[in-house]
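Chemist:
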Amino acid sequence: MRLLIKNGTIISAESEYVADILIEGEKITAIGTGLGNGADEVIDASGKYVFPGGVDEHVHYGSFGSLTFETTNAAVVGGTTTIVDFAPQPKGLSIKESVKKHNETLAEGIAMADYSFHGMVMDPTEDLIEEILTLPEAGISTLKFFMAYKGSPFMVEDDIIFKALQVAKKAGVTIMVHAENGEIVDILQKQLIAEGKTDPIYHAASRPPLVEAEATARAIYLAELANSPLFVVHVTCKESMELVRDTYMRGLPVYGETCTHYLTLTEDNLAKPNFEGAKYVCSPPIRPQEHLDALWEALSRGWLLAVGSDHCANEGGFENDKKKGIDDFTKIPNGCPGVQDRLALLWTYGVETEKITPQKFVDIFATTPAKVCGLFPRKGQIAVGSDADIVIFDPNWKGTITVKDSYHGSDYNSFEGMDQIGRAEKVFLRGRLTAENGKFVGEKGQGKYIKMKPFGLCYDNFKE
Ligand code: DUC
Ligand code: ZN
Ligand code: ZN
């Protein structure tokens, strides 16, 4: 099958040009003008933007009480063709065994976007440190540690993170941290509840910016001590962003991402009446406007590298999950759905408002996440030899984000009622049309497991 996408304005992370794209089977085989003699199908993309399918490096399908890969059609409908999921580590299983199990039980034959896995440490034994060296053999090149969630299997002590950092660099595994001081969160939560402060807005008070900044600084020092690269996930506040920025400026391989809700929602949402604020409970929490401004600036200047969704659609939604915390905000399950809306939010509130250029949009939406996760150049760019993961984007479409159009399976959308400019008109996954005008037209199980390569972007220019 030879498919030609003609006359589209191709946006890459660096440039913009009008050209045709020839796709043969699952790959892009030519880019140029006047291509396509003998194409089986021709799509005219005149007046449309054409860019690589998104790579969402931060999603939860089957961890944190979230729905599983049955709802990954939400990703492709929203222009994201590759997701990188966090595979939880059940007690007693190695990271490789956990990823294998997670894949076989939840993803394989079900996923509707291509996918990879980050390891997610929850049973940090000495064996784990040894195992890090062999993770890339299994296609796992990123490993996440939580510095928060005291009292749960997620929280990991500094000694483990430090040892992991020391070893990871030998194998090109990128260590990622969820940076919040779990001890301090625990104290603040208990104090707030004891004072009768039980509403969702106090979730923010229990995890203020300095709780995040302290852990970010600590993780950075651990990485510096270990002389190892570090990737800080979901940077939400000015203080943490500045720590990542200033460390990089000092010449160290420390990088960070932020997520769409930290760019578009403010703390005021947590104060909504009738417990509606619970719909916005995620950790770290959404912040006041000044932090949003700082994060947008950081993206535009390259101080933060990528934007994930931290998609986490709670299985019971608002009614049956979030409401578990009606008398106590600490019992509200964390997480917001968002994989479907990442493109729309970045375009509408980033490109349309001129906070970022269309090139920067492609960079943070697709190209750099693919590089961080060792998926580039197969994923994250429109280039000869890359997978034909392509979005044809109509910049003139106007609408409103609503749960009614969401495929994420939860009963609410955290971005409900927000304006949307532009829409993924057609989304191709490895050359196959998989979503069209907000509707899924692909097949369950079409997503392929893509193994990561080691020494991703965080190792660029890294010297031992
Ligand atoms: N925070 C996390 O750390 N994980 C999933 C959801 C969330 O809000
Ligand atoms: Zn996290
Ligand atoms: Zn997360």
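1024 is the number of the first residue of the sequence shown in our numbering; add one for each residue after it.
C-beta: ideal position from N, C-alpha, C; glycine also.
Cβ of His1141 versus every heavy atom of ligand 1: is any distance shorter than 8 Å?
Modeler: Stepping through the sequence shown from its first residue, residue 1141 is reached at position 118. No.
Chemist: Exposed or buried, what is Thr1197 when buried is set at 16 or more other beta-carbons lying within 10 Å of its beta-carbon?
Modeler: Working through the sequence shown from its first residue, we reach residue 1197 at position 174. When all chains shown are included, Thr1197 counts as buried.
Chemist: Mind checking whether the beta-carbon of Val1208 lies closer than 8 Å to any heavy atom of ligand 3?
Modeler: Taking the first residue of the sequence shown as position 1, residue 1208 is located at position 185. The answer is no for Val1208.
Chemist: Please list, following the chain, all residues that have a C-beta closer than 6 Å to any non-hydrogen atom of ligand 2.
Modeler: His1201, Val1256 and His1257
Chemist: For Thr1104 and Gly1142, which I take to be in contact (beta-carbon distance under 8 Å), what is that distance rounded to the nearest angstrom?
Modeler: For the purposes of this step, residue 1104 is taken as the residue at position 81 of the sequence shown. For the purposes of this step, residue 1142 is taken as the residue at position 119 of the sequence shown. Taking a contact as a CB-CB distance under 8 Å, the pair Thr1104 and Gly1142 does not count as one, their CB atoms being some 22 Å apart.
Chemist: Could you tell me which residues DSSP puts in a beta bridge with Cys1282?
Modeler: For this step, residue 1282 is matched to residue 259 along the sequence shown. According to DSSP, which records beta bridges pairwise, Cys1282 is partnered with Gly1331.
Chemist: Going by other Cβ atoms of all chains shown within 10 Å of its Cβ, with 16 needed for buried, is Ala1317 buried or exposed?
Modeler: By one-based count along the sequence shown, residue 1317 stands at place 294. It counts as buried.
Chemist: Between the alpha carbons of Pro1252 and His1083, how many angstroms are there, rounded?
Modeler: Here the question's residue 1252 lines up with position 229 in the sequence shown. Here the question's residue 1083 lines up with position 60 in the sequence shown. About 24 Å.
Chemist: Looking at C-alpha atoms only, which residue of Asp1386, Ile1355 and Glu1047 is the closest neighbour of Trp1370?
Modeler: In the sequence shown, counting from the first residue as 1, residue 1370 sits at position 347. When each option's Cα is compared against that of Trp1370, the closest is Asp1386.
Chemist: So, helix, strand or coil for Met1170, using DSSP?
Modeler: Position 147 of the sequence shown, counted from the first residue, corresponds to residue 1170. Coil.
Chemist: Under DSSP, the alpha helix (DSSP H) around Ser1263 begins and ends at which residues?
Modeler: Translated into the one-based positions of the sequence shown, residue 1263 becomes position 240. First-last of the alpha helix (DSSP H) with Ser1263: Lys1261 to Met1272.
Chemist: Just to check, is the beta-carbon of Cys1260 closer than 8 Å to a non-hydrogen atom of ligand 1?
Modeler: Residue mapping note: residue 1260 aligns to position 237 of the sequence shown, counting from 1. No; taking the cut-off as 8 Å, the Cβ of Cys1260 has no heavy atom of ligand 1 nearer than that.
Chemist: Which residues does DSSP list as the beta-bridge partners of Thr1423?
Modeler: Position 400 of the sequence shown, counted from the start, is the residue given in the question as residue 1423. BP columns for Thr1423 point to Asp1442.
Chemist: Going by C-alpha to C-alpha distance, which of His1201, Asn1484, Ala1228 and Thr1091 sits closest to Gln1214?
Modeler: Numbered from 1 along the sequence shown, position 191 holds the residue referred to as residue 1214. Residue Ala1228 is the option with its Cα nearest to Gln1214.
Chemist: Would Phe1092 pass as a contact of Ala1161 if the rule is Cβ separation under 9 Å?
Modeler: For the purposes of this step, residue 1092 is identified with residue 69 of the sequence shown, where counting begins at 1. For the purposes of this step, residue 1161 is identified with residue 138 of the sequence shown, where counting begins at 1. Contact: no.
Chemist: Comparing C-alpha positions only, which one of Thr1289, Lys1186 and Asp1181 sits nearest to Thr1239?
Modeler: Sequence index remark: in the sequence shown, residue 1239 carries index 216 (1-based). The residue with the shortest Cα to Cα distance from Thr1239 is Asp1181.
Chemist: Count the other CB atoms within 10 Å of the CB of Ala1156; is the residue buried (16 or more) or exposed (fewer)?
Modeler: For this step, residue 1156 is matched to residue 133 along the sequence shown. What sits at residue 1156 in the sequence shown is Leu, not Ala. Leu1156 counts as exposed, since fewer than 16 other C-beta atoms from the protein chains shown sit within 10 angstroms of its C-beta.
Chemist: From the DSSP output, in three-state form, read off Arg1241 for me.
Modeler: As a first step, residue 1241 must be located in the sequence shown, where it is residue number 218. In this structure, DSSP gives Arg1241 a helical state, which the three-state scheme calls helix.
Chemist: Per DSSP, which one or two residues make a beta bridge with Asp1067?
Modeler: Here the question's residue 1067 lines up with position 44 in the sequence shown. Paired residue(s): Lys1029.
Chemist: Any chance the CB of His1125 is under 8 Å from a heavy atom of ligand 3?
Modeler: The residue labelled residue 1125 in the question sits at position 102 within the sequence shown. No, the Cβ of His1125 stays beyond 8 Å of every heavy atom of ligand 3.
Chemist: Assuming Ala1336 and His1431 form a contact by the criterion Cβ under 8 Å, report the distance between their Cβ atoms to the nearest whole angstrom.
Modeler: Position 313 of the sequence shown, counted from the start, is the residue given in the question as residue 1336. Position 408 of the sequence shown, counted from the start, is the residue given in the question as residue 1431. With 8 Å as the limit, Ala1336 and His1431 qualify as a contact, their Cβ atoms being about 4 Å apart.
Chemist: Using alpha carbons as the reference points, say which of Lys1186, Thr1376 and Pro1223 lies closest to Leu1293.
Modeler: Residue mapping note: residue 1293 aligns to position 270 of the sequence shown, counting from 1. Ranking the options by Cα distance to Leu1293, first place goes to Pro1223.
Chemist: Based on the DSSP output, what are the partners of Leu1318 in its beta bridges?
Modeler: As a first step, residue 1318 must be located in the sequence shown, where it is residue number 295. The partner list for Leu1318 (beta bridge, DSSP) is empty, contrary to what the question assumes.
Chemist: 9 Å is my cut-off, CB to CB: does Ser1437 come that close to chain C?
Modeler: Of the protein chains in this structure there is only one, and it is not chain C.
Chemist: Give a single yes or no on whether His1081 has its beta carbon closer than 8 Å to a heavy atom of ligand 3.
Modeler: The residue labelled residue 1081 in the question sits at position 58 within the sequence shown. For ligand 3, at least one heavy atom lies less than 8 Å from the Cβ of His1081.
Chemist: Nearest-angstrom Cα distance between Glu1149 and Glu1064?
Modeler: Within the sequence shown, residue 1149 is the residue found at index 126, counting from 1. Within the sequence shown, residue 1064 is the residue found at index 41, counting from 1. Their Cα atoms are separated by approximately 55 Å.
Chemist: Any contact between the stretch 1407–1415 and the stretch 1440–1451? By contact I mean 3 or more CB pairs, one from each, below 8 Å.
Modeler: yes
Chemist: Evaluate contact between the stretch 1382–1400 and the stretch 1041–1052, counting only Cβ atoms and requiring at least three cross-stretch pairs below 8 Å.
Modeler: no
Chemist: Is it buried or exposed for Ile1210, if we count other Cβ within 10 angstroms and need 16 for buried?
Modeler: Along the sequence shown, one-based indexing puts residue 1210 at 187. Burial call: exposed.
Chemist: Thinking just about the alpha-carbon of each residue, which of Pro1308, Gly1358 and Thr1270 is nearest to the one in Trp1326?
Modeler: Translated into the one-based positions of the sequence shown, residue 1326 becomes position 303. For Trp1326, the nearest C-alpha among the options comes from Thr1270.
Chemist: Quick test of your reading: Gly1195 and Tyr1482, contact by CB under 8 Å. State the CB separation rounded to the nearest angstrom.
Modeler: On the sequence shown, residue 1195 is found 172 positions in, with the first residue counted as 1. On the sequence shown, residue 1482 is found 459 positions in, with the first residue counted as 1. Between Tyr1482 and Gly1195 the Cβ distance is about 6 Å, and since that is below 8 Å, they are a contact.
Chemist: Among the candidates Thr1423, Val1258 and Arg1365, whose CA atom is the shortest distance from the CA of Val1100?
Modeler: Looking up residue 1100 in the sequence shown gives position 77. With respect to the C-alpha of Val1100, the residue from Thr1423, Val1258 and Arg1365 having the closest C-alpha is Arg1365.
Chemist: Give the single residue among Pro1307, Ala1130, Glu1131 and Ala1136 whose Cα lies nearest to the Cα of Leu1456.
Modeler: Here residue 1456 is taken as the residue at index 433 of the sequence shown, counted from 1. When only C-alpha atoms are compared, the closest one is Ala1136.
Chemist: Do the CB positions of Met1475 and Pro1111 come within less than 9 Å of each other?
Modeler: One-based indexing of the sequence shown puts residue 1475 at position 452. One-based indexing of the sequence shown puts residue 1111 at position 88. At a Cβ-Cβ threshold of 9 Å, Met1475 and Pro1111 do not count as neighbours.
Chemist: Considering only the beta carbon of each residue, do Gly1361 and Thr1289 sit closer than 9 Å?
Modeler: Residue numbering aside, residue 1361 sits at position 338 when the sequence shown is read from its first letter. Residue numbering aside, residue 1289 sits at position 266 when the sequence shown is read from its first letter. No, the Cβ-Cβ distance between Gly1361 and Thr1289 is not below 9 Å.
Chemist: Can you grab the Cα-Cα spacing for the pair Ile1216 / Asp1351, in whole Å?
Modeler: For the purposes of this step, residue 1216 is taken as residue 193 along the sequence shown, with counting starting at 1. For the purposes of this step, residue 1351 is taken as residue 328 along the sequence shown, with counting starting at 1. Cα-Cα distance, rounded: 7 Å.
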